[in-house]
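Start counting the sequence shown at 1; every next residue gets the next number (full-length UniProt numbering). Glycine is no exception: its CB is placed at the ideal position from the N, C-alpha and C atoms. Owing to the predicted nature of the structure, the values given are computational and were not obtained by experimental measurement. To start, the structure itself, in structure tokens.
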Amino acid sequence: MERAFQELLKRGYKPDLVLFNSMLSMFAKNGMYEKAHEVLNLIGESGLQPDLVTHNSLMDMYARGGECWKAEEILKGLLMSGGKPDLVSYNTVIKGFCRQGLIQEARRILSEMTTRGIQPCIFTYNTFVAGYAAQRMFEEIDEVISVMIQYNCRPNDLTYKIVVDGYCKARKYREAMDFVSKIKEMDRFFDDQSVERLALRIRENLES
């Protein structure tokens, strides 16, 4: 794709913002900072204005690279320029902070998000569950799941898998089994196949 893009530029083709954003997203997802900034410069040189997709790609690049504070700077810059961040914007920064173990900062961004009228989704909640699991903060995970149920955002299979894996990594196998038993009672959509899949994960961890 990059080669085709360069060929278009050589031929004098003027890419639109959609094409620029596609290239930027590709470079951002692969951590290619210099290439991403080259595209950003080309956007400016072409007289185009970066849009929400552009900003979200930059936030994603920094968040993936562990530079969550830079991701937040992009978010702040978007707000200061009169832009309107969306759920993807906030989820990206939240995930960046959670990956670095900065849960309180992630909670701060969540608070800002909800203050602006944007409600969390299953991805948001699962990000916090993963962040807490990595820090072995299992009581906080219970709180997140309770909030999910309260606001009719049902935990999914990934939610439960993250929690079970977290317990197993902490070698809390009994707690993992207790958790599976608890959600079986709590979640009427949690069927026997789901129970068996999680129980199998626990057994595999015990045997490894």
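Own chain residues within Cβ distance below 6 Å of residue i, not counting five before or after
{"i": "G115", "result": "It is Thr, not Gly, that sits at residue 115 in the sequence shown. Around T115: no qualifying Cβ."}
{"i": "residue 211", "result": "Beyond the ends of the chain as shown, which are 1 and 208, falls residue 211; an answer cannot be given."}
{"i": "F128", "result": "V144"}
Local conformation of residue i per DSSP, three classes
{"i": "K184", "result": "helix"}
{"i": "Y62", "result": "helix"}
{"i": "Q119", "result": "coil"}
Exposed unless 16 or more other CB atoms sit within 10 angstroms - verdict on residue i
{"i": "L24", "result": "buried"}
{"i": "K84", "result": "exposed"}
{"i": "G82", "result": "exposed"}
{"i": "residue 220", "result": "As shown, the chain starts at 1 and ends at 208. That puts residue 220 outside it, with no answer to give."}
Expected contact under 8 Å - CB spacing of residue i and residue j to nearest Å
{"i": "L124", "j": "N91", "result": "Note that residue 124 is Thr in the sequence shown, not Leu. Yes, they are in contact, since the Cβ atoms of T124 and N91 sit about 6 Å apart, within 8 Å."}
{"i": "V93", "j": "C121", "result": "About 15 Å; that fails the 8 Å criterion."}
{"i": "C168", "j": "I202", "result": "6 Å"}
{"i": "A28", "j": "D60", "result": "5 Å"}
{"i": "Y160", "j": "L198", "result": "6 Å"}
{"i": "I103", "j": "G65", "result": "Contact doesn't hold; Cβ gap of about 19 Å is too wide."}
Backbone CA spacing between residue i and residue j [nearest angstrom]
{"i": "Q150", "j": "L206", "result": "33 Å"}
{"i": "A133", "j": "V163", "result": "6 Å"}
{"i": "L19", "j": "Y33", "result": "18 Å"}
{"i": "D165", "j": "K182", "result": "16 Å"}
{"i": "E204", "j": "Q49", "result": "52 Å"}
{"i": "V147", "j": "N126", "result": "12 Å"}
{"i": "V39", "j": "K76", "result": "21 Å"}
Cβ shell of residue i (< 7 Å), same chain only, five flanking positions each side left out
{"i": "L87", "result": "I118, C121"}
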